[in-house]
Each structure stands twice: as C-alpha cells, then as structure tokens.
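As structure tokens, the structure follows; a few thoughts come after it.
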C-alpha cells in the first residue's frame with residue numbers, strides 16, 4: 026500500500042467533488058425557481074426522480090416519458106426533446122433551448138428561472 030498515492034488521488038478528486046456539488050446546488054436552485062414560475066412547489070426540485078417527472082409535466086410532455094431516460098441513446102433524444110419543449114413553454118427558440126438547456130444546462134436553467142421569461146402552460150402531448 027502506498028499512502029502517498031492515496032493522498033494524491035484524494036487531493037486530485039477533491040476539486041471535482043466540490044465542482045460537482047456546486048453544480049448540483051445551482052441546478053436545484055434554478056429548478057426551484059422554474060417550478061415556482063410554473064405553479065409547482067419549489068421543493069419538488071430537491072427530490073430525485075420527482076424533479077424530472079415534474080419537469081416533463083411543466084414542458085407539456087407526458088411525465089412517464091422520463092422512464093425513457095433510462096435507455097441508452099434514447100435518453101439523448103428524450104433530453105433534447107425535453108429541452109426544446111421546456112424552452113418553448115417559456116417562449117424561447119429551439120436554438121436557445123438546445124444550446125442553453127442541453128449543452129450548458131446549468132446556465133440555461135438559471136436564465137429560465139431568474140430571467141424575464143414567463144411560463145405559458147402548454148397542452149399535454
């Protein structure tokens with residue numbers, strides 16, 4: 026056992042863990058505000074799986090589609106579809122939705138939640 030390597034591995038992984046926790050907290054904060062804008066309780070954003078279920082409902086998609094996120098490759102298509110529908114529910118274009126809700130998700134969700142975009146309830150697909 027080489028404790029020096031163990032310390033190096035722990036030291037190298039610490040910034041990654043901190044960065045991941047910061048992103049997770051930012052996503053919870055952003056989703057809380059999005060849920061509030063859509064008339065849902067904000068605390069739903071804290072509960073895993075329920076937050077995605079509610080996000081599908083806010084986007085006007087069947088909430089049960091979130092189960093397709095468990096299938097590899099299909100989940101990419103479903104995530105893009107969710108982003109486009111969610112962006113449309115807040116009056117954003119498809120290009121905006123793709124880049125800021127798929128590629129730079131944390132930034133996009135913060136802009137949706139704290140920006141001037143107003144939620145317009147879509148009809149359930």
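Residue numbers (our numbering): 26 to 150. Think of the CB as a built atom: it goes at the ideal place given N, C-alpha and C, for glycine as much as any other residue.
{"Item": "C-beta contact flag for residue 91 and residue 77 at 8 angstroms", "Value": "yes"}
{"Item": "Buried or exposed by the 16-neighbour rule on C-beta atoms within 10 Å, applied to residue 64", "Value": "exposed"}
{"Item": "Buried or exposed by the 16-neighbour rule on C-beta atoms within 10 Å, applied to residue 119", "Value": "exposed"}
{"Item": "Top-ranked residue by Cα proximity to residue 109, from 81, 89 and 132", "Value": "81"}
{"Item": "Range of the contiguous alpha helix (DSSP H) that encloses residue 86", "Value": "It is not in any alpha helix (DSSP H) - residue 86 carries neither H nor E in the DSSP assignment."}
{"Item": "Every unbroken alpha helix (DSSP H) inside the segment 48-86 [4 residues or more]", "Value": "75-83"}
{"Item": "Option in 56, 130, 136 and 115 with minimal Cα separation from residue 105", "Value": "130"}
{"Item": "Helix, strand or coil at residue 148 [DSSP, three-state]", "Value": "coil"}
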